[in-house]
Amino acid sequence: MAIDKLLVKLGLAYVAKKLDGKKTLIGAAGKALTGVATIITGIVGLAGNLWPETGLPAMDQDAALGMIGVGAFAISSAFTSLGVAHKIEKAIALEEAIAK
0 MAIDKLLVKL GLAYVAKKLD GKKTLIGAAG KALTGVATII TGIVGLAGNL
50 WPETGLPAMD QDAALGMIGV GAFAISSAFT SLGVAHKIEK AIALEEAIAK
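For the sequence shown, position 38 matches number 37 in numbering that gives the first Met the number 0, and the numbering has no gaps at all.
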């Protein structure tokens, strides 16, 4: 049992070292995709409300506009995270340059 745990721990440590500095980028991409999906959901809800004959799911206008606003906020939050990630990458590069 102890060897299994050691191998898992070493494997996770390796993955974490390889992803160092990239985790924020991955999170920012997830936020951006969530924002785009939320905006599309709001637009489809508005279209379903305005044109019920299309067969699209209808959504209350206030809820649809709220979804669009939340999606825009998620995308702006992703851009903020990307800015932080860039600063982290610059700091890591500086540390590596100093270490050499």
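Every residue gets a Cβ at the ideal spot worked out from N, C-alpha and C, and that includes glycine.
1) Measure the alpha-carbon distance for A57 versus F72 and round it to whole angstroms.
2) Whole angstroms are fine: how far does the CA of G54 sit from the CA of H85?
3) Hey, is the stretch 40-54 in contact with the stretch 62-72, meaning 3+ C-beta pairs nearer than 8 Å?
4) Residues in the same chain with beta-carbon distance under 7 Å from T23, minus the five sequence neighbours each way, listed in chain order, please.
5) Under 8 Å between C-beta atoms, does I25 make it to chain D?
Walking through what the data contain:
1) For the purposes of this step, residue 57 is taken as residue 58 along the sequence shown, with counting starting at 1. For the purposes of this step, residue 72 is taken as residue 73 along the sequence shown, with counting starting at 1. Cα to Cα, A57 sits roughly 23 Å from F72.
2) Translated into the one-based positions of the sequence shown, residue 85 becomes position 86. Translated into the one-based positions of the sequence shown, residue 54 becomes position 55. Rounded to the nearest angstrom, the two C-alpha atoms are 44 Å apart.
3) yes
4) Position 24 of the sequence shown, counting from 1, holds the residue named residue 23. These residues qualify, in order along the chain: S80, V83, A84 and I87.
5) Of the protein chains in the structure, only one exists, and it is not chain D.
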